[in-house]
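Those letters in the sequence shown? Residues 96 to 406, per the numbering used here, in order.
Here the structure comes first, spelled out in structure tokens, and everything after it is commentary.
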Amino acid sequence: MTGLDESARRALAWPGDTEKPVEECTPDEARRQYLDGFAGMQLPLAEVDAVMEDRAGNVRLLIWRGRGAPQEGAPAMLYLHGGGWVIGAPETHEDICRTLANAVGAVVVSPDYRLAPEHPFPAAIEDCAATLAWMNEQAGMLGIDPTRILVGGDSAGGNLAAVVALMARNATVPAVIGQVLIYPVTDQSQASDSYRRHAKDFGLTSAGMRWFRDHYLPQGANPADWRGSPLDAATLEGVAPAFVVLAGHDVLFDEGRAYADRLKAEAHATCRIWPGQIHGFVSMARAIPEAQEALEAIADAWRSMDPALRR
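Next comes the structure, spelled out in structure tokens:
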């Protein structure tokens, strides 16, 4: 793996970054810290045609209609935010959602799914599944084509997206035509070598990931349950095509690559690696210009997965 990109070094040394390590925080402290600091690394939000708020049962949703999205039959994405299943909200990843909605001329829906430890595994999965069902039921109101929905997410959201795609393959939730997995969690054992290589000094740490996992998985939960560790699924055959984005200097790199390799062998996937980047770089566009490059690649992949967008 090549060395760290200069932009990643700049992000790691970002002025005013005095955050306490997440593993030293309570969940409420970590949430406040994240909400207070996330916007400093992001560019101003792109203008979109419309922003709406709605609910899928008890789940709050943010919805963005991108510029140029048709009023009927638009492509759509269910986007699941990162944050280790403990922190974050649709607003913390709104930059990604708006950019993709505009790039594709689509509607992006992001649920404010329940967070651990108050609502441990599998509560977040249930909320994401409910949102996908709601998108299908409300397709007319949303002006989307329910046969053209992708699921995507980053980090813990990438984990949830992979799980929802497997559920769709199993026909326990509505079908999706593709999945976008941005540095996803795929293995709750946390035993891969990248947990050693990148244990600290690259943003997300091994200790931080243990803190997130231990809040998400209740005592007695099986870490090999595929709903938490999709890498442990018996087969990936029949799952929707995937685009996997990885950062080379990331504790999650090895498990992400292993999942991408299985997707390539058993289903269909393309994997793009940014060797000199760190976990979370796609949400750090103010410091890391490679974030925009990754978003353009994701938009291209989305178009390639949707036959109507390939015409």
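Where is the CB? At the ideal position from N, CA and C, for every residue including glycine.
Keep in mind that this is a model prediction, so the values were computed, not measured.
The DSSP-derived three-state label of GLN128 is helix. Taking C-beta atoms as the reference points, ALA224 and VAL268 count as a pair closer than 7 Å.
Runs of the beta strand (DSSP E) spanning 3 or more residues and lying entirely within the segment 185-255 occur at 202-206, 239-249, in chain order. Rounded to the nearest whole angstrom, the C-alpha separation of MET304 and HIS176 is 16 Å.
For LEU107, the enclosing alpha helix (DSSP H) has its first and last residue at 101-107. Exclusion of the five residues before and after CYS192 leaves TRP159, TYR174, VAL203, SER205 as the residues of its chain whose Cβ lies within less than 6 Å of its Cβ. Remark: C-beta atoms of PRO325 and GLN283 do not approach each other more closely than 7 Å.
In its chain, beyond the 5 residues on either side, LEU156, ILE158 have a beta carbon closer than 7 Å to the beta carbon of ASP149.
Within its own chain, the residues whose Cβ lies closer than 6 Å to the Cβ of GLY273, once the five positions on either side in sequence are excluded, are LEU245, ALA335, PRO336, MET400, listed in chain order. In the DSSP secondary-structure assignment, THR365 is bridged to PHE338.
Cβ neighbours of ALA125 within its own chain (closer than 8 Å, five residues either side excluded): VAL117, VAL181, ILE182. In the DSSP assignment, ARG150 falls within the beta strand (DSSP E) that extends over 145-151. Shortest Cα-Cα distance from ASN231 to any of ALA169, ASP190, ILE220, ALA145 involves ALA169.
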